[in-house]
Amino acid sequence: MCRVAARRCPLLGVLLAAALCGAAARPAAAPLQWNVSLDSPAEERWLPVLWHFEPAFLRAAVARIIDEAVPKWFHEVVRPIAAELESFMPQPYAGEIRGLCEALGISLGDGLLLNFAYESTAFCTSIIAQDDKGNIYHGRNLDYDFVDILSKITIDVQFIKGGKIAYQGTTFLGYVGLWTGQSPHKFTISGDEREGGSWWENAIAAFLNRNYPVSWLIRDTLSRAEDFQSAVLRLADIPIIAEVYYIVGGVSSKEGMVITRNRRGPADLWPLDPLDGAWFRVETNYDHWTTPPPCDDRRTPAMKALNATGQQNINFDTLFQEYRLENMGSGSSVNANYKYSLQKSENAFKAAVLIQRWYRRHVARLEMRRRCTWRIFQSIEYACEQDQIKLHNFFSYLMDNFTPSSSKERDFISRMFISGESFKEAELEKYCDYESLEVPDSYTGPHLSFPLLPDHATALLEAFQQKQQLHARYVLNLLHETRKHLKQLPNISHVSTCYSEEVTVCGDLHGQLDDLFLIFYKNGLPSPSKSYVFNGDFVDRGKQSLEILIILFTFLLIYPKEVHLNRGNHEDHMVNLRYGFTKEVMQKYKTHGKKILKMIQNVFCWLPLATLIDQKVLVIHGGVSDTTDLDMLEKIQRNKFISVLRGKKRKESNRNVEIKEINGESQAEPDPAGNETVPGLPSQPRPAQAPSMANRLEFSRWVRQTVQEQIEWCRKLVDISDSEEEELTCSSLVSLTDLNGPCWTRQEEWKQILDILWSDPMPQEGCRENTVRGGGCYFGPDVTRKILEKYNLQFLIRSHECKQEGYEFCHNRKVLTIFSASNYYEIGSNRGAYVKLGPDLVPHFVQISRVEESAFRALREKLFAHTSALISAFKVYDKDNTGKPEPQDTELILWWDGVEEGRITLSNWATAVESVLRLGLPWRMLRPQLVRSTADGMLEYRSWLDDLAVEQRSQEHIQSSLLEVIYRNRSNLETIFRIIDRDHSGLISFEEFHQTWKLFSSHMNIELTDDGINDLVRSIDFNKDGNIDFNEFLEAFRLVKQSQ
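Right under this line is the structure:
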């Protein structure tokens, strides 16, 4: 063993010992001591230390630690996304790791893996003690898992800032964190692993949650905290990536603390209490209030040794002796029986530790795969959120740099950017007149009459559970009444717990009606005693978005004081174009879908922007920024913002000029100083005539450059192959209700709304642009603190982000994210949740989860994989031998000679399937989802197996490169198709296509005559009906791709 000398401070000492898996070991010499300058750039700080060691030895050491500590498959996960992973790590640690990697000549991925491997375990013992004079002693042993390597690269580091020691600690070369450290004359810290965490979880959480790695928080606290108390507060509150014990010692009597940490906050604080006889604390790797396992009871002998030594005799020398296992049983003398027992159990102990590590890694692999899948889903979601905005940006650029040559072209361009006709109040009501629609006698769905009553809501819930559809007349009538009610509401709703037992806040639902039903089932329907706040994103992605809207609007009208709706970023008609809500409405209400969409679009822009509960809890969809002003939000005319997707605003005078140009009026000279361009696009003035050749070439270069940049961005994000299509970046657009209005809405107002709908929290301080989503900002704890203090709030509730548990605290529990759509990405990907607040405003969470079709898809895949065994089992019950097998397709073994189908009872089908798969599932209950209903109770199992084969072959066939390209591009193609297909008829007329092609060709330097365009459109119209439908649009794309 060795003792590391530490700077003695008044009433403060720290001791470090080295141990090998709990067995006594003595390195040949004390660790080398080095200075690391914090004034140097992060990438260069560790270079003087590295130069002392042989690079080949270090590279070999790194390779061995990674190879033995990290499974091979995990290497392949981390290395391709190393650059993206780095961006989630706080500075200066990310920069220091990058500098170490460059100096050692290893990849960034290996550098990250090495640091996470060091994070994996701290199987150590820490002791904090106070002598009878009030001096504090703090000791910890070092864990040498790879003793032949780590003993050679253990170093004492003094971190120098401004020529003085800022803090110091003992660590391993290549590891930028600290498990043990001291801030001179202030405090000491050590960390021990807590059972329940695993380093695989640590690694994945580091880039999923942006929480601090455990050892980095120690170093950060040593750097930032001013005294013992502030160190305890930081170590207890800041989110970390794994459970841990932090042991803290101060410079005054009683300043000793063991902090038991969960990932989100403290689980227990265990201070020294010398007056009550608790003059020391021993922490190993188990909670102090539990009994440690017999195979690893280091705590008991340590406590016996300390009690035998006595408070009056505790000092560096005696404390050092406590770490010598041969003496830990009886203080300063050796107990022969204990030593014999220890030697006898040494092999058993090592075996137990080995089994424990194997088990941890097995569990961690499963967790890692789950969380990697989560990260892929989330990355694709956020990348896709940018697509609509960039497509809009693309068209905006065309509009800014193209002067229409005719009134027809002016009209065509104008309606590409306006969400449809700009209806005035009377025009909208006339256009969406519900009274002109008659409900036929054959209609069997629910009926509504106004004012609505609770029975109407109950009837709607029952009808939607039975997959019935509300008649278009009632839908329009409901939207009309909802709009009238919303217009009377303020921008920020106010809710009080005085008038109800509790307030329930729900997050994103995204068209998942089953989750809403589950919330109502568990929590109860809205009522005078049960208030609800639904925090936006009711629609898109799910298949029953319209039903959710109808239910929420119904309860809003029945209980206007108890039900409150906030606007989310998906309550935006431009976002709906991409994410399915527009398509859903048109499919369900083909004849009247356009009117319904127009009314919903107008209702969305009247939704309140936020809710205040008891003037203490702010509920907003996205978040806040450093410029968020609730007073301004109260005064904004919110209905102006039908869509908050917009590019940076040009000056008002320029906008007026463009409005006049689009309307064919005379043009005024714009103010040159006021021009602002759309972010990411070339900066150039608006030409008075069609763009020159130079402008066209510049535009083409911009298109190619943007595509390449986004391909690279997406590849780094989720490791997509070279054939992946571009992922589009986000800069946002504003659609005004009336383009002919007097002026642009103020930029400040637009930014206020954009920030509260699109922003996300981050663990770092400050406020910066949200580059992942592309809209809103990232806001740090300091921004949250500023908003809370300014408006005297307790905490914020927001949604907008899917969380695996359905909820998550951040910013020292001052920001709560709540997400109510379960299984959002796939079955098992996440739970949904809602939160209940009583008069004390203490949040109580309820988690929910529903079963999705993806589970049945997986089950069908398993059935298909056991086709041969199922055939044999079915034959046992096919007494008449109606399905005599004679396979002609050896790959699938599905075909029989003869005309018989092979028939068995549904009861026998369930028995046979269980005999083959042995999954213990209730097959009779699952049968409706797996087998088509039959009139006579018999199943034609040949036909059923054929269907399974067709489904699986279709799934496999979709993996071909050509269909992959179509699948990846489908969302963008569908959005473009809908932009051109303005009336949502599902068809593009020849005239619309003609105008679109002229617009594109003018800017892409493609010369094509009118006859050429007509020939092109006729070649796409495969069925020669005079229109282009979406299938023809896709087929043309496929043929072009196939020819490349």
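In this text, residue positions in the sequence shown follow full-length UniProt numbering: the first is 1, and each later residue adds one. From the three backbone atoms N, C-alpha and C, an ideal C-beta is built for every residue, glycine too. Keep in mind that this is a model prediction, so the values were computed, not measured.
First through last residue of the alpha helix (DSSP H) which encompasses residue i
i	result
G95	93-104
R64	55-69
V49	47-50
H570	That residue, H570, is in no alpha helix (DSSP H); it is neither H nor E in DSSP.
S868	867-877
Beta-carbon gap between residue i and residue j smaller than 7 Å
i	j	result
H592	A472	yes
G177	S215	yes
N569	W758	yes
W270	Q311	no
F159	F187	no
P526	F555	yes
residue 1055	T628	Residue 1055 lies beyond the stretch modelled for the chain, which goes from 1 to 1044, so this question has no answer here.
M762	G780	yes
N908	Y877	yes
H800	H564	no
Nearest to residue i (by Cα), restricted to the options the options
i	options	result
L607	A949, L461, P490, I189	P490
H573	D433, K594, K561	K594
K245	D287, G277, F228, K254	According to the sequence as given, residue 245 is Tyr; it is not Lys. Among D287, G277, F228, K254, the Cα nearest to that of Y245 is on D287.
N812	I848, E765, A166	E765
R785	Y778, Q794, K164	Q794
L222	R541, L926, P922, L38	L38
Y579	G511, K640, P526	G511
E805	T628, E96, A821	A821
L50	G105, V70, G139, V585	G105
F534	K543, R541, E571	E571
A833	C802, L841, R860, Y559	C802
V147	I65, Q130, P184, I218	I65
A305	D296, T318, P293	T318
V916	A865, R903, G937	A865
F845	H480, F809, L618, R224	F809
T290	L272, L217, R194	R194
For residue i, three-class secondary structure by DSSP
i	result
residue 1060	Outside the modelled stretch of the chain, which goes from 1 to 1044, sits residue 1060, for which no answer is possible.
E438	coil
D132	coil
R918	coil
M89	coil
E562	coil
W923	helix
E43	helix
E769	strand
M693	Reliability of the predicted coordinates at M693 is poor, the pLDDT of 39 falling under 50, and no value is obtained from them.
T284	coil
I620	coil
M303	helix
M938	strand
Y118	helix
N141	strand
E964	Caution applies to E964, whose pLDDT of 42 falls short of 50 and renders its modelled position unreliable; the value that the coordinates give is listed next. Helix.
R298	coil
K786	helix
L987	strand
L930	helix
Boundaries of the beta strand (DSSP E) in which residue i is found, first to last residue
i	result
F779	777-779
D1029	1027-1029
N35	32-37
Q158	154-161
I848	843-848
F795	795-798
Interface flag, residue i vs chain D, CB-CB below 7 Å
i	result
G507	Absent from the structure is chain D; it holds one protein chain and no more.
Only counting runs of 3 or more residues, tell me where the beta strand (DSSP E) segments fall wholly within the segment 171-258, in order along the chain. Unbroken beta strand (DSSP E) runs of no fewer than 3 residues, entirely contained in the segment 171-258, are found at 180-183, 187-193, 244-249, following chain order.
Let me know the beta strand (DSSP E) ranges lying completely inside the segment 425-511, each 3 residues or longer, listed in chain order. If we require 3 residues or more, the beta strand (DSSP E) runs fully inside the segment 425-511 come out as 492-495, 502-506.
Please list the segments of the alpha helix (DSSP H) lying wholly inside the segment 802-837, counting only runs of 4 or more residues, in order along the chain. Counting whole runs of 4 or more residues, the segment 802-837 contains no alpha helix (DSSP H) stretch at all.
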